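**Student:** Quick one: the structure is below, questions incoming.
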Amino acid sequence: MALEPGHPTALREPGYPLLIAGLYEASGGRHAWVVLAAQTLMSVLIAAMVGSLGTELFGAGVGAAAFAAYMLYPQAIFYGASLYRDTFVSFLFTACVWFTIRSARAGAEGRRALAVAGLSAGVLSVTSTAVALGAVPACALALFMQDRARGLRRAALFLLPVLAAGGAWTARNWSTQGRFVFGSTSGGGEIYQAMTIDADDLGTARQVLRLQGDPLWTATLRLPEAERNAALTRATAVLIAREPGLYARRVAVRLVKFWRLWPYRRAYDESYRTVFFASLASDAWMVPLGLLGFALLRRRWCEVPAVWLSVLALTSLYAAMHAVIRYRLPLMGYVILSSIAAASALGERFIGALRPAPRRPTAS
Numbered sequence: 126m127a128l129e130p131g132h133p134t135a136l137r138e139p140g141y142p143l144l145i146a147g148l149y150e151a152s153g154g155r156h157a158w159v160v161l162a163a164q165t166l167m168s169v170l171i172a173a174m175v176g177s178l179g180t181e182l183f184g185a186g187v188g189a190a191a192f193a194a195y196m197l198y199p200q201a202i203f204y205g206a207s208l209y210r211d212t213f214v215s216f217l218f219t220a221c222v223w224f225t226i227r228s229a230r231a232g233a234e235g236r237r238a239l240a241v242a243g244l245s246a247g248v249l250s251v252t253s254t255a256v257a258l259g260a261v262p263a264c265a266l267a268l269f270m271q272d273r274a275r276g277l278r279r280a281a282l283f284l285l286p287v288l289a290a291g292g293a294w295t296a297r298n299w300s301t302q303g304r305f306v307f308g309s310t311s312g313g314g315e316i317y318q319a320m321t322i323d324a325d326d327l328g329t330a331r332q333v334l335r336l337q338g339d340p341l342w343t344a345t346l347r348l349p350e351a352e353r354n355a356a357l358t359r360a361t362a363v364l365i366a367r368e369p370g371l372y373a374r375r376v377a378v379r380l381v382k383f384w385r386l387w388p389y390r391r392a393y394d395e396s397y398r399t400v401f402f403a404s405l406a407s408d409a410w411m412v413p414l415g416l417l418g419f420a421l422l423r424r425r426w427c428e429v430p431a432v433w434l435s436v437l438a439l440t441s442l443y444a445a446m447h448a449v450i451r452y453r454l455p456l457m458g459y460v461i462l463s464s465i466a467a468a469s470a471l472g473e474r475f476i477g478a479l480r481p482a483p484r485r486p487t488a489s
């Protein structure tokens, strides 16, 4: 949590760095394979949770197919094999939602599930502020919807680890940065760029040129990170108030971008051709079928409000702030499940329509 000794930073939340540090300590050295092995296990557990929910809602066939589809999902494979926090965030998000659903069960099993859901939410809150901002309120509301009589008490218990972890991180930042920092000091720069730069220019050389010619951006480069974050956040709020029409257009573009079926042509670690065809083989059918599935099978999804509330909350949050395609990875386990369930339901309807209607017996 410092870029160099003696200079603590809040550019990123501490959850993933602490995970890496713990795994290094446990393995007796800086062994990247230990982190990658842990992330592989997390991917398997995500697929298992998604498959288990699929079996409960739609049958064993859908559950098994959802498990396999997630294990073969290109983004899950890529980020699981990379030292990025995305797999850890996806695991925490999936666990938070899955255990929120299971907390509706009676007795000790429900209480244990509620405790694990709260613990997952607490760690998530200091690993990815943005994902926690969507998932935590959605799961708290789902707890109330699952059990109106005990909903407020259960939601309060669920939120305790979030308040404890978030409070400790906020206190640390106040001590080291000298001011209040909400989550991290990188958020202000992200939302400022999302407001001032067109989506087609983000991630290109044009973005760099635009920022180099922006007097506010260049002026804030000389500020301490917490002050810079606050200045860019204020500037973004002023721009939104001054140009609400532009902000509305930005939100609409980000909403479409968040669920885009293939990435923009950019410089990736792999060739764009590889990325494009991998997306055609996965996102191009998983995303539209998954979103359709939430509507087509809404009666079943209404039984587990934590899922669709979280999908709706994170979609809205990223549309309002800053959308990148990779940011939807935490949602994709449940979206993949929805796509498999929708494909199964549509297939059954199609086969049913092909079957000839039974003949009515005629009177002799």
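Under this note's numbering, think of the first position of the sequence shown as 126, with each following residue one higher. All C-beta atoms, glycine included, are put in the ideal place defined by N, C-alpha and C. This structure is a prediction, so every number in the text was calculated from the model and none was measured.
Would you kindly check if the distance between the Cβ of VAL378 and the Cβ of PHE412 is under 8 Å?
**Tutor:** In the sequence shown, the residue the question calls residue 412 occupies position 287. In the sequence shown, the residue the question calls residue 378 occupies position 253. Here residue 412 is Val; the residue named in the question, Phe, does not match the sequence. No. Outside cutoff.
**Student:** Under the rule that 16 or more other beta-carbon atoms within 10 Å means buried, what is SER200, buried or exposed?
**Tutor:** By 1-based counting over the sequence shown, the position of residue 200 is 75. Correcting the residue type first, residue 200 is Gln in the shown sequence and not Ser. Answer is buried; the Cβ neighbour count reaches 16.
**Student:** Take THR165 and list the residues in its own chain whose beta-carbon comes closer than 6 Å to its own, dropping the five residues that flank it on each side.
**Tutor:** Within the sequence shown, numbered from 1, the residue matching residue 165 stands at position 40. Cβ neighbours of THR165 beyond the five flanking positions: GLY205.
**Student:** Let me know the secondary structure DSSP gives PRO133 once reduced to three states.
**Tutor:** As a first step, residue 133 is located in the sequence shown; it is residue number 8 there, counting from the start. Residue state, collapsed to three classes: strand.
**Student:** Less than 8 Å between the C-beta atoms of ALA246 and VAL261, yes or no?
**Tutor:** Residue numbering aside, residue 246 sits at position 121 when the sequence shown is read from its first letter. Residue numbering aside, residue 261 sits at position 136 when the sequence shown is read from its first letter. Result yes, Cβ atoms of ALA246 and VAL261 sit closer than 8 Å.
**Student:** Just the Cα atoms here: how many angstroms apart are LEU182 and THR212?
**Tutor:** What you label residue 182 is simply residue 57 of the sequence shown in a count that begins at 1. What you label residue 212 is simply residue 87 of the sequence shown in a count that begins at 1. LEU182 and THR212: Cα-Cα distance of roughly 25 Å.
**Student:** Are the beta-carbon atoms of ASP408 and LEU439 separated by less than 8 Å?
**Tutor:** The count along the sequence shown starts at 1 and reaches residue 408 at position 283. The count along the sequence shown starts at 1 and reaches residue 439 at position 314. No, Cβ-Cβ distance for ASP408 and LEU439 is not below 8 Å.
**Student:** Based on Cα-Cα distance, which residue from PHE402, PRO388 and LEU422 lies nearest to ILE450?
**Tutor:** Residue numbering aside, residue 450 sits at position 325 when the sequence shown is read from its first letter. The shortest C-alpha to C-alpha distance from ILE450 to any of PHE402, PRO388 and LEU422 is the one to PRO388.
**Student:** Identify whether ILE253 lies in helix, strand or coil by the three-state DSSP scheme.
**Tutor:** Your numbering for residue 253 matches position 128 in the sequence shown. Sequence check: residue 253 is Ser here, not Ile. DSSP places SER253 in coil when its eight states are reduced to three.
**Student:** Does DSSP classify ARG374 as helix, strand or coil?
**Tutor:** Numbered from its first residue, the sequence shown carries residue 374 at position 249. It is helical.
**Student:** Measuring straight from C-alpha to C-alpha, what distance separates ALA355 and GLY477?
**Tutor:** Counted from its first residue, the sequence shown places residue 355 at position 230. Counted from its first residue, the sequence shown places residue 477 at position 352. Between ALA355 and GLY477, the C-alpha separation is close to 59 Å.
**Student:** Taking the straight line between their C-alpha atoms, what separation do you get for MET270 and GLY303?
**Tutor:** The residue you call residue 270 lines up with position 145 of the sequence shown. The residue you call residue 303 lines up with position 178 of the sequence shown. Answer to the nearest angstrom: the Cα atoms are 40 Å apart.
**Student:** Could you give the distance in angstroms between the alpha-carbon of LEU421 and the alpha-carbon of GLU428?
**Tutor:** Here residue 421 refers to the residue found at position 296 of the sequence shown. Here residue 428 refers to the residue found at position 303 of the sequence shown. Roughly 14 Å separates the two Cα atoms.
**Student:** Nearest by alpha-carbon distance to LEU346: which of SER311, GLY328, ALA403 and SER207 is it?
**Tutor:** In the sequence shown, residue 346 corresponds to position 221, counting from 1. The residue with the shortest Cα to Cα distance from LEU346 is SER311.
**Student:** Determine, using beta carbons only, whether THR252 and LEU285 come nearer to each other than 8 Å.
**Tutor:** Here residue 252 corresponds to residue number 127 of the sequence shown, with the count starting at 1. Here residue 285 corresponds to residue number 160 of the sequence shown, with the count starting at 1. For THR252 and LEU285, no; Cβs fall outside 8 Å.
**Student:** Might you give, ordered along the chain, the residues of its own chain that have their beta carbon closer than 7 Å to the beta carbon of VAL376, omitting 5 neighbours on each side?
**Tutor:** As a working note, residue 376 is residue 251 in the sequence shown. For VAL376, where only same-chain residues beyond five positions count, the Cβ hits under 7 Å are ALA444 and ALA445.
**Student:** Measuring straight from C-alpha to C-alpha, what distance separates ARG230 and THR329?
**Tutor:** Residue 230 sits at position 105 when you count from the first residue of the sequence shown. Residue 329 sits at position 204 when you count from the first residue of the sequence shown. Their Cα atoms are separated by approximately 50 Å.
**Student:** Can you tell which of PRO349, VAL175 and PHE203 has its C-alpha closest to the C-alpha of ALA313?
**Tutor:** The count along the sequence shown starts at 1 and reaches residue 313 at position 188. The residue asked about is misnamed: residue 313 is Gly in this sequence, not Ala. Considering only alpha carbons, the answer is PRO349.
**Student:** Taking all protein chains shown into account, decide if SER309 is buried (16 or more other Cβ within 10 angstroms of its Cβ) or exposed.
**Tutor:** Taking the first residue of the sequence shown as position 1, residue 309 is located at position 184. It is buried - the Cβ of SER309 has at least 16 other Cβ atoms within 10 Å.
**Student:** Quick one: what does DSSP say TYR389 is sitting in, helix, strand or coil?
**Tutor:** Along the sequence shown, one-based indexing puts residue 389 at 264. DSSP places TYR389 in coil when its eight states are reduced to three.
**Student:** Sorted by chain position, which residues of the same chain lie with C-beta nearer than 8 Å to ALA265's C-beta, five sequence neighbours on each side aside?
**Tutor:** What you label residue 265 is simply residue 140 of the sequence shown in a count that begins at 1. Correct list, in chain order: ALA280, PHE283 and LEU284.
**Student:** Could you check whether ALA468 and LEU414 sit closer than 8 Å to each other, using their CB atoms as the reference points?
**Tutor:** As a position in the sequence shown, residue 414 is number 289, starting the count at 1. As a position in the sequence shown, residue 468 is number 343, starting the count at 1. Contact: yes.
**Student:** Within the continuous alpha helix (DSSP H) that includes TYR198, where are the two ends?
**Tutor:** Position 73 of the sequence shown, counting from 1, holds the residue named residue 198. Note, TYR198: premise wrong, no alpha helix (DSSP H); not H, not E.
**Student:** Could you tell me how far apart the beta carbons of LEU288 and TYR317 are, in whole angstroms, since I believe they sit closer than 8 Å?
**Tutor:** Sequence index remark: in the sequence shown, residue 288 carries index 163 (1-based). Sequence index remark: in the sequence shown, residue 317 carries index 192 (1-based). Wrong, their Cβ atoms sit about 29 Å apart, outside the cutoff.
**Student:** Thinking C-alpha only, which one of ALA324, PRO340, ALA360 and PHE419 is nearest ARG391?
**Tutor:** As a position in the sequence shown, residue 391 is number 266, starting the count at 1. Selected option, being the one with the closest Cα: ALA324.
**Student:** Is the beta carbon of GLY179 closer than 8 Å to that of ALA193?
**Tutor:** By one-based count along the sequence shown, residue 193 stands at place 68. By one-based count along the sequence shown, residue 179 stands at place 54. Their beta carbons are not under 8 Å apart, which means ALA193 does not touch GLY179 by this criterion.
**Student:** Quick test of your reading: ALA267 and THR225, contact by CB under 8 Å. State the CB separation rounded to the nearest angstrom.
**Tutor:** By 1-based counting over the sequence shown, the position of residue 267 is 142. By 1-based counting over the sequence shown, the position of residue 225 is 100. At roughly 6 Å, the Cβ-Cβ gap stays under 8 Å, so ALA267 and THR225 are in contact.
**Student:** Any idea what DSSP makes of ASP339, helix, strand or coil?
**Tutor:** Looking up residue 339 in the sequence shown gives position 214. Three-state DSSP puts ASP339 in coil, outside helix and strand.
**Student:** To the nearest angstrom, how far is the alpha carbon of SER463 from that of THR301?
**Tutor:** By one-based count along the sequence shown, residue 463 stands at place 338. By one-based count along the sequence shown, residue 301 stands at place 176. Distance between the alpha carbons of SER463 and THR301 is about 44 Å.
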